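Student:
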Amino acid sequence: MTENQKIEVLIVEDHEITRLGLKAALERVSELKIVGEEEDGGSAVKAAVTIKPHIVLIDIGLPVLNGIDATRQIKERAAETRVIMLTSHDSDTDIFAAFAAGADGYCVKDIPSDQLVMAIKAVHDGAGWIDPRIASRVLRAQATQSPTETPLSQREIEVLRLIVDGLSNQKIAASLCLSVETVRTHVRHITEKLAVSDRTQAAIKALRQGLV
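Letter by letter, the sequence shown follows residues 8 to 219 in this note's numbering.
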């Protein structure tokens, strides 16, 4: 992989030791390139707009501007940049607020470094990413509620389940023996039926309502 093909990552973390450790871990991955470091949400927005990195790794508890509000501004002003929350916050309120702000992925800080790299690559490829421990907890919570009626077909449910698992359209197509174009059509129908704007929001709604 050439320098120009590397996934460019902006790290936003106010704790210096955590930030330096994260940078050191990611710099060991040949496919990644750290293009900046910021300590607060306001600076993160400015850097994202200026640098236009592929990925912003951002904490929620930041000075000046919290990570959720910063994410919202980044998505408004640098729409092509993908945002992954990397935080110790794991309450349902924070999780759903982050995705509502436009986050493309959500990881808890004690995630193993290889899984974090996997999340970065998946989000860069256009998939959403939810820390498996969070997804499992949300699904368990939903299991205690009454089933939610859904307008989705069985095939759309299968596609939605793989979206929740973090698979890209290409991998969903291979898994279900479908063409990528057919998967795109299913994803479009899913977002329309669930009244959401993109596949990440579809995954979150699926988890919240127990659809998968």
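Here a beta-carbon is modelled for each residue, glycine too, at the ideal position from N, C-alpha and C.
What you are looking at is a predicted structure, and each value in this text was computed from that prediction instead of being measured.
Is it the case that the Cβ atoms of D5 and T94 are separated by a distance below 7 Å?
Tutor: Residue 5 lies beyond the stretch modelled for the chain, which goes from 8 to 219, so this question has no answer here.
Student: Apply the 10 Å Cβ neighbour rule to Q122 and answer buried if 16 or more other Cβ atoms are within range, or exposed otherwise.
Tutor: Answer is exposed; the Cβ neighbour count stays below 16.
Student: Quick check on K59: does DSSP put it in helix, strand or coil?
Tutor: Three-state result, K59: coil.
Student: Taking DSSP as the reference, what is the three-state secondary structure of I41?
Tutor: Strand at I41.
Student: Using alpha carbons as the reference points, say which of T192, K128 and I141 lies closest to D101.
Tutor: Checked all of T192, K128 and I141; the closest Cα to D101 is I141.
Student: DSSP three-state call for T94: helix, strand or coil?
Tutor: DSSP places T94 in strand when its eight states are reduced to three.
Student: Assuming K40 contacts E15 (C-beta within less than 8 Å), just tell me the rounded distance between them.
Tutor: The Cβ separation is near 5 Å, so the contact holds.
Student: Beta-carbon separation of A51 and I75 under 7 Å?
Tutor: No, they are not a contact pair.
Student: Tell me whether T57 is buried or exposed, calling it buried when 16 or more other Cβ atoms sit within 10 Å of its Cβ.
Tutor: Under this definition T57 is an exposed residue.
Student: If I follow the unbroken beta strand (DSSP E) through L17, where does it start and stop?
Tutor: Unbroken beta strand (DSSP E) run through L17: I14 to V19.
Student: Please state the DSSP three-state secondary structure of L218.
Tutor: It is coil, neither helix nor strand.
Student: Measure the C-alpha to C-alpha separation of A28 and Q208 and round it to an integer number of angstroms.
Tutor: First, the amino acid is wrong: residue 28 is Gly here, not Ala. Cα to Cα, the separation comes out at about 31 Å.
Student: Can V220 and V36 be called in contact, C-beta distance under 7 Å?
Tutor: Given that the chain is displayed from residue 8 to residue 219, the structure contains no residue 220 and the question cannot be resolved.
Student: With a threshold of 16 other CB atoms inside 10 Å of the CB of A105, please say whether the residue is buried or exposed.
Tutor: Its Cβ being crowded by 16 or more others within 10 Å, A105 is buried.
Student: Who are the near neighbours of W136 in its chain, counting only those whose CB is closer than 6 Å to its CB and skipping five residues on each side?
Tutor: Contacts found: G112, A126, A129, V130 and G173.
Student: Going by C-alpha distance, which of A213, K59 and L33 is nearest L167?
Tutor: The option with the nearest alpha carbon to L167 is A213.
Student: Strictly by DSSP, which residues pair up with G112?
Tutor: Bridge partners of G112: I91 and W136.
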